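Numbering (our numbering), first residue to last: 7 to 285.
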């Protein structure tokens, strides 16, 4: 039987400045206003940022014992719209948690299904290394975001990251796969997948495959990463609004539930590539 979700130790608080003693403690606070569903500016989540968040300093100490005491200090140093750090007032906002009413889709799923509250990102850093891990069980040594030239090269046939992936393993065992995407398929950065363009499908085809009962053995769904006029991004990546991503999650869930035979054979996993710099 599943155990209940582990509660946070209370009172949960974070030093305003992990290098200062004494320093003000900033407690976890419940946010109830809709503006809390958009975190702006984007918290730092490169390897160096996460080092500060975990250890309260910008270098990994010896021994590397994480204190998880640098989240407020890290966010206080993020540049705002004027290019200057948001400071202590802005830093405090990173300790907000969301009232369940602000995220009704995730709250409903969490109340009715399994929550993995002992989940850890593969790399204490940003999206790309962790996305590579989910596809290939390695980032190929990448710990930070790739530079723009690497990103462009990865989208050209014959370029990209050359490590073997779960997709080859599936095919080796006679299994099928598809990747559904909206504006961009980040998984196309994996060189070995370039010869399988027919397995990359627009998200609109997901519902048709479910209705027809033709879902692959393994399906990976990528959100919309960039906002367009009247068409917001659905990746829940700051500064994008969480409710736009919730609509995507709800659409996937409702689509699976629309075909009872498919639903009874499916496992839906909602996965974040990393913590995004959020406490």
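For each residue, glycine too, the CB sits at the ideal point set by N, CA and C. Just so it is clear, the structure is predicted and the values come from calculations on it, not from any experiment.
Through-space distance from residue j to residue i, alpha-carbon basis
i, j, result
"residue 119", "residue 276", "11 Å"
"residue 129", "residue 135", "7 Å"
"residue 70", "residue 208", "43 Å"
"residue 194", "residue 65", "33 Å"
"residue 141", "residue 29", "42 Å"
"residue 162", "residue 274", "31 Å"
"residue 186", "residue 206", "6 Å"
"residue 41", "residue 246", "11 Å"
"residue 99", "residue 257", "30 Å"
"residue 49", "residue 283", "5 Å"
"residue 79", "residue 21", "8 Å"
"residue 55", "residue 131", "8 Å"
"residue 91", "residue 156", "29 Å"
"residue 269", "residue 176", "21 Å"
"residue 31", "residue 73", "14 Å"
"residue 63", "residue 127", "20 Å"
"residue 43", "residue 85", "19 Å"
"residue 7", "residue 225", "For residue 7, the predicted structure reports a pLDDT of 49, less than 50, and the residue's modelled location is therefore unreliable. A value from the coordinates is still provided. Taking the straight line from one Cα to the other gives about 27 Å."
DSSP three-state assignment for residue i, whether helix, strand or coil
i, result
"residue 59", "helix"
"residue 224", "strand"
"residue 285", "coil"
"residue 25", "coil"
"residue 177", "helix"
"residue 74", "coil"
"residue 268", "helix"
"residue 32", "strand"
"residue 135", "helix"
"residue 232", "coil"
"residue 273", "coil"
Contact check, residue i vs residue j, beta carbons under 8 Å
i, j, result
"residue 150", "residue 52", "yes"
"residue 102", "residue 137", "no"
"residue 189", "residue 242", "no"
"residue 143", "residue 183", "no"
"residue 213", "residue 171", "no"
"residue 24", "residue 75", "yes"
"residue 236", "residue 197", "no"
"residue 77", "residue 278", "no"
"residue 111", "residue 255", "yes"
Where the alpha helix (DSSP H) containing residue i begins and where it ends
i, result
"residue 254", "248-263"
"residue 111", "110-118"
"residue 125", "No alpha helix (DSSP H) holds residue 125; DSSP gives it neither H nor E."
"residue 157", "154-160"
"residue 95", "93-98"
Span of the beta strand (DSSP E) around residue i
i, result
"residue 207", "206-208"
"residue 36", "35-37"
"residue 183", "183-187"
"residue 102", "102-104"
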